[in-house]
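Peer 1:
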Amino acid sequence: MNIFRLTGDLAHLLAIIILLLKIWKTRSCAGISGKSQILFAIVYTTRYLDLVTTYVSAYNTLMKIFFLASSYATLYLIYIKFKATYDHNHDTFRIEFLILPAFILALLINHAFTFLEVLWTFSIYLESVAILPQLFMVSKTGEAESITSHYLFALGSYRALYILNWIYRYATEVHYDLIAIVAGIVQTVLYCDFFYLY
Amino acid sequence: ARPVVVHDEL
């Protein structure tokens, strides 16, 4: 663990909490893309299947459980509890055009052709484009509420900090994971134009 | 042997 990855995880945690609190307090999910939240739930579910097979650390296990629980709680708030405030008309991104290519790419380019590893790779590829429906919705509605902007800024910062973590780990442990790095760079670049507006 | 990749990052 290093400071870059720790602050990255905390930025990620912050983003999720900001979103949950925003929807809960305002009792509305207006301006929030439910489709991006579906993609995030798929990302965490396919990536954290190793919860039952591999124990890395208490921190790792706790964070995975929190990310899984919060992503499904967010889906519950959007699609069930505050369903009436969900903005169907502006949340129109075809997420199957993200899921399928990510899955096919995961079958072609991975570290090992095993069930868990292909799903982990799929989750890495999917996460890099998971925010597209949200950015698409923000561009369609022409504006993002300030809280949504804070959410996107924290979420974008998390993977940018992970890039610093990968540089640090390459320099100190000579450890690197090219799949995660390339996808992480794509993910951060997608936020850049939003950061520019921010 | 099949390379077992352990992912220690979230």
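These protein sequence lines are chains B and D, in that order.
Note that the numbering used here gives residue 88 to position 88 of the first sequence, counting from 1, and the numbers run on in steps of one.
Count along the second sequence starting at 1, add 1000, and that's the number in the numbering used here.
Every residue gets a Cβ at the ideal spot worked out from N, C-alpha and C, and that includes glycine.
On a predicted model such as this, the values are computed, not experimentally measured, just so you know.
Could you work out which residues of chain D lie near B/K64, taking near to mean beta carbons separated by less than 8 Å?
Peer 2: Simply L1010.
Peer 1: With a threshold of 16 other CB atoms inside 10 Å of the CB of B/Y196, please say whether the residue is buried or exposed.
Peer 2: When all chains shown are included, B/Y196 counts as exposed.
Peer 1: Taking only beta-carbon positions, decide if D/R1002 is within less than 8 Å of chain B.
Peer 2: Reliability of the predicted coordinates at D/R1002 is poor, the pLDDT of 49 falling under 50, and the value obtained from them is presented with this limitation in mind. It does; some Cβ of chain B falls within 8 Å.
Peer 1: How many Å lie between B/R5 and B/G31 at the Cα?
Peer 2: Approximately 29 Å, taken between the alpha carbons.
Peer 1: Excluding the five sequence neighbours on either side, which residues of its own chain have a C-beta within less than 7 Å of the C-beta of B/I18, listed in chain order?
Peer 2: Counting only Cβ-Cβ distances below 7 Å, and skipping sequence neighbours, we find I147, H150, Y151, A154.
Peer 1: Using a Cβ cut-off of 8 Å (strictly closer), state whether B/E127 contacts chain D.
Peer 2: Chain D contact via Cβ: absent.
Peer 1: What residues from chain D crowd round B/R94, counting only those whose CB sits closer than 9 Å?
Peer 2: Within 9 Å Cβ-Cβ: nothing; B/R94 doesn't reach chain D, min ~28 Å.
Peer 1: Which same chain residues, not among the five before or five after B/L75, have their C-beta less than 8 Å away from its C-beta?
Peer 2: Around B/L75: G34, Q37, I38, A41.
Peer 1: Could you give the DSSP three-state label for D/L1010: helix, strand or coil?
Peer 2: D/L1010: coil per DSSP, three-state reduction.
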